[in-house]
Amino acid sequence: VTLVILVLLCILLMPLAAAGLALIQQGLGRSRSAAHAMLAALCTLSVTAIIFVMIGSAFAAYSGAQAHIVSIRGVSWDWLGSQPFFARKFAASLATSPFNGLALLLEMFAVGIAAIIPLSTGTDRWRLAAICAFSALFAAILFPLFAHWVWGFGWLTQLSPNFGLPAFIDNGGASVIQVMGGLAALSVAWILGPRQGKYTGGVATAIPGHNIVQVLFGCLLSLVGFIALDSAASILFRGADPLTVILIAVNATLAAASGCLAALLTTRLRYRKPDASLTANGWIAGLVAGSASCAVLSPARTVFVGFVAGVLVAFLVELLELKLYIDDPAGAISVHLGAGLWGLLAAGLLAPAQAGSRGALLLTQLIAIATLLGIMFPLIHLGNLLLNRFIRYRVDADGDWQGMDIRELGAGAYPEFVMHADEFVPR
Amino acid sequence: MRVIPDRIFPDSGEALNFIGSILMLSGGGIALAALVLLASLAQRFTFISAGLLVELLGLALIARHYRIPQKGRR
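Heads up: the sequence lines are chains E and W, in that order. Position 19 of the first sequence, counted from 1, bears residue number 12 in the working numbering, the numbering being contiguous throughout. Residues are numbered in the working numbering as their position in the second sequence, beginning at 1, plus a constant of 452.
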């Protein structure tokens, strides 16, 4: 009972990660789209929660549940869950074991966090209807497929019995949540294109975020949410000891701190002054990279992982914006995809290799990365391209200029900021 | 040089997107095939690394497809 309460408490704190990410993405966007950005995050959480429980949970399934299995050369590949739709057996399963209920609750929040990630890439130009459609597709098929492979006793977790390789290390959902969200962000960024005025004559123009205070507050909220997410996922899906929560909390904080300081130092050295938005990105990048091996890595190694993530993000943001012409207002691709992949790789390089050699552990992590890039990204991109044919993703040129608040909601987030000429007339 | 006929891809940029996606899928296929067909760690490592490189090549092609129009957008 104590374990159930602990996991439940952790899961209930997970929405703070979503709140933090939502604050960051709206703070780094323009003020004329601030209300739209927060509403989009709320709608994403709503759509993903309903669609995941009704449809996605059937495919995600859980350990020991029914699944679609393909046999190749005598090896069973558990590739898709096969539970009833609409969570029909949910209430009955709670009577026998709370595990399925907790797993469903965790994944319901996890899919929401993952689907919020691409919102920051589409800030200022992604239409609300298209956001809801993407969230539905993501929660119904894309997320459950990979979640089943990693969290539902799918083929990625069975590399040990089937192929003699060590178990795939992803304690806090770096692959399932962060990299999946980052891949979706990359696809969305490509389909939407840059904001109007971002590139003039092939040269990038800085469009600064409108509220850096909210961005930094979002970072603090995210810390609590990430600690909760890492702890709950490690206990539920990796069988971590409840006391490991202490190590996870220490590691998550250290990863965030080192990522933050690394980004601060990098921007200080490159631009002569620390950049607040990139430093915030470094904080989140540390959390993302550290989440893969949060329950198995020593604090000293976690500091290294977070530090590299912070440096990496500062350079990746520049590479994407200046060389690849990808307009990613909140740096979601660099933070979630870049740091997430680094975290998975770092787990293979630094985590204790229990069953098998270091090379075998690294190979396991590479297989997961190859699966994410080679199978999940084409699926996500194809889904986005198809959806874009039916529900236009990008707002029209006038809306781009007016801002999403006026265009889609009919009112701005900060009506009192409107300046009236009579305010400047002497009285 | 146009490898793909214009009637299939009226915009040559679409060909980059298509070929890039196919390359990414192929890279994933190479990695999974290596896992099933090969036994030794060294062989698996080599082929899975090769699969990852093919995926990155595909990603680079897709990036190039989107980079061209975005660079020109005002």
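Glycine included, each C-beta is placed from N, C-alpha and C at the ideal position. Quantities reported herein were computed from a predicted structural model and do not represent experimental measurements.
If the cut is a Cβ gap below 7 Å, which residues of chain E does residue i touch?
i: W/A502; result: Simply none; closest approach about 10 Å.
i: W/F497; result: G352 and L356
i: W/S492; result: Within chain E, no residue comes near W/S492; the closest Cβ sits about 11 Å away, beyond 7 Å.
i: W/L487; result: F156 and I360
i: W/A515; result: L317
i: W/E507; result: A363, L366 and G367
Once you ignore the five residues that flank residue i on each side, which residues in its own chain have a CB closer than 6 Å to its CB?
i: E/S113; result: Q18, A323 and A325
i: W/G472; result: G510, L513 and I514
i: E/G211; result: G13, L16 and I17
i: W/L468; result: L513, R516 and H517
i: E/Y55; result: N93, A96 and G145
i: E/D320; result: P187, R188 and K191
i: W/A494; result: none
i: E/A302; result: G252, A278, G279, A282, A332 and W335
i: E/A288; result: N164, S227, A233, T237 and I241
Within 10 angstroms of the Cβ of residue i, are there 16 or more other Cβ atoms? Answer buried if so, exposed if not.
i: E/P159; result: buried
i: E/I106; result: buried
i: E/F383; result: exposed
i: E/C89; result: Residue identity check: residue 89 of chain E is Thr in the sequence provided, not Cys. The residue in question, E/T89, is exposed, as its Cβ has fewer than 16 Cβ neighbours within 10 Å.
i: E/V206; result: exposed
i: E/V196; result: exposed
i: E/F308; result: exposed
i: E/A122; result: exposed
i: E/V208; result: buried
i: E/L315; result: exposed
i: E/D117; result: buried
i: E/L262; result: exposed
i: E/P235; result: exposed
Pull up the distance between the alpha-carbon of residue i and that of residue j, whole angstroms please.
i: W/I514; j: E/V310; result: 18 Å
i: E/H374; j: E/N381; result: 10 Å
i: E/G336; j: E/G186; result: 28 Å
i: E/T246; j: E/I239; result: 11 Å
i: E/V169; j: E/F139; result: 6 Å
i: E/M495; j: E/E100; result: Nothing about residue 495 of chain E can be read from this structure; chain E reaches only from -6 to 420.
i: E/F156; j: W/F499; result: 15 Å
i: E/T41; j: E/G405; result: 26 Å
i: E/C253; j: E/A58; result: 41 Å
i: E/S291; j: E/P345; result: 9 Å
i: E/G166; j: E/S224; result: 10 Å
i: E/I62; j: W/L508; result: 29 Å
i: E/L313; j: E/V181; result: 14 Å
i: E/L354; j: E/F161; result: 8 Å
i: E/A255; j: E/A84; result: 47 Å
i: E/L330; j: E/I184; result: 17 Å
i: E/Q171; j: E/L366; result: 13 Å
i: E/A285; j: E/W276; result: 15 Å
i: E/L229; j: E/Y264; result: 44 Å
i: E/V0; j: E/T150; result: 21 Å
i: E/P371; j: E/I362; result: 13 Å
i: E/M173; j: E/E409; result: 39 Å
i: W/A483; j: E/G396; result: 44 Å
i: E/K266; j: E/V68; result: 56 Å
i: E/L271; j: E/A60; result: 43 Å
i: E/V(-3); j: E/S86; result: 15 Å
Could you name the residues of chain E that residue i contacts, counting a contact when the two beta carbons are closer than 8 Å?
i: W/L477; result: G367, I368 and P371
i: W/L511; result: L366 and F370
Return yes when at least one heavy atom of the ligand GTP lies under 7 Å from the C-beta of residue i, else no.
i: E/G115; result: With respect to the ligand GTP, the structure shown offers nothing to examine, as it has no ligands at all.
Run through chain W and tell me which residues come within less than 8 Å of residue i, C-beta to C-beta.
i: E/T364; result: G480, A483 and L484
i: E/V68; result: V488
i: E/N335; result: The amino acid occupying residue 335 of chain E in the given sequence is Trp; Asn does not appear at that position. None at all; the shortest Cβ gap to chain W is about 14 Å.
i: E/W276; result: Per Cβ cutoff of 8 Å: no residues; E/W276 is ~27 Å from chain W at best.
Quick one: what's got a C-beta closer than 7 Å to residue i's C-beta in the same chain, skipping five residues either side?
i: E/T295; result: N244, L247, A248 and G283
i: E/W394; result: Q189
i: E/D268; result: T260
Using C-beta distances below 8 Å, list every residue in its chain close to residue i, excluding the 5 sequence neighbours before and after it, in chain order.
i: E/A177; result: A107, A108, I110, P111, F127, F131, L135, I373 and N377
i: E/A11; result: A34, L38, F102, G105, I106, I109 and G218
i: E/T357; result: L152, L158, P159, A160, F161, I162 and G341
i: E/D398; result: R25, S26, A27, A28, H29, A404, G405 and A406
i: E/E416; result: Caution applies to E/E416, whose pLDDT of 49 falls short of 50 and renders its modelled position unreliable; the value that the coordinates give is listed next. Once the five neighbours on either side are set aside, E/E416 has no close Cβ partner at all.
i: E/W148; result: W70, D71, W72, W142 and N155
Find the residues of chain W that neighbour residue i, judging by a C-beta separation of less than 7 Å, and give them in chain order.
i: E/H374; result: S473
i: E/I65; result: V488
i: E/W394; result: Simply none; closest approach about 12 Å.
Output, in chain order, the set of chain W residues within a Cβ distance shorter than 9 Å of residue i.
i: E/W119; result: Within chain W, no residue comes near E/W119; the closest Cβ sits about 16 Å away, beyond 9 Å.
i: E/W142; result: Simply none; closest approach about 12 Å.
Exercise. Please go through the stretch 270 to 294 of chain E and give each complete alpha helix (DSSP H) segment of 4 or more residues, from N-terminal end onward.
Key: Runs found: none.
Self-check item: Secondary structure, alpha helix (DSSP H): runs of 4+ residues fully inside the stretch 342 to 369 of chain E
Solution: 351 to 364
Quiz item: Considering only residues of the stretch 164 to 238 of chain E, which uninterrupted alpha helix (DSSP H) runs meet the minimum length of 4 residues and lie entirely inside it, listed in chain order?
Solution: 173 to 185 and 205 to 231
Quiz item: For the stretch 110 to 168 of chain E, which segments carrying the alpha helix (DSSP H) assignment without a break, of at least 4 residues, lie completely within its bounds, in sequence order?
Solution: Listed in chain order, the complete alpha helix (DSSP H) runs (minimum 4 residues) inside the stretch 110 to 168 of chain E are 121 to 130, 136 to 144 and 152 to 156.
Exercise. Would you list, in sequence order, the uninterrupted beta strand (DSSP E) runs of no fewer than 3 residues that lie entirely inside the stretch 47 to 120 of chain E?
Key: 60 to 65 and 68 to 74
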